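> Numbering (full-length UniProt numbering), first residue to last: 1 to 148. Note that beta-carbon positions come from the ideal geometry of N, C-alpha and C, so glycine has one too. These numbers were taken from a predicted model, which means no experiment stands behind them. The structure's right below; bear with me while I get my questions together.
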């Protein structure tokens, strides 16, 4: 099933399930349309071009809540996934809190630019995460032991 924008129920669930006092990293898995599909008149552009425009216009919204893009890259293809699941772009965005993310997506400025994201995407996944420290602690301990 193609998924572009979160439903109100999905937003409420992630808001309820996410600790309020921790940074949140959003994993974005993106599959672009061949041609962007706007509801209104818009210049002809590819889905990738429309997403680039979204990122340029949304940058101020991201920065206004203290968030930052921490990684963005082209997907090379799945190693472990259903055979029909593939993504064009992967993006990680760190927000100071889930409330900062919600403030951004509810802002008038963001609502004015999200149309480019919607037009650009054929399918997407947005996964909220908080650090649990389990792997980082183990890796850090091994690295320290190796250095001694």
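Under the rule that 16 or more other beta-carbon atoms within 10 Å means buried, what is residue 119, buried or exposed?
buried
> Quick check: the Cα distance between residue 32 and residue 148, rounded to an integer number of angstroms?
48 Å
> DSSP three-state label for residue 21, please.
coil
> I think residue 30 touches residue 92, with their Cβ atoms under 8 Å apart; what is that distance to the nearest whole Å?
Not a contact, Cβ separation roughly 12 Å.
> Name the two residues that bound the continuous alpha helix (DSSP H) containing residue 103.
Unbroken alpha helix (DSSP H) run through residue 103: 98 to 106.
> Tell whether a beta-carbon distance below 8 Å holds between residue 60 and residue 109.
yes
> Could you check which residue in 86, 77, 132 has the C-alpha nearest to that of residue 23?
Closest in C-alpha terms to residue 23, from the list 86, 77, 132, comes 132.
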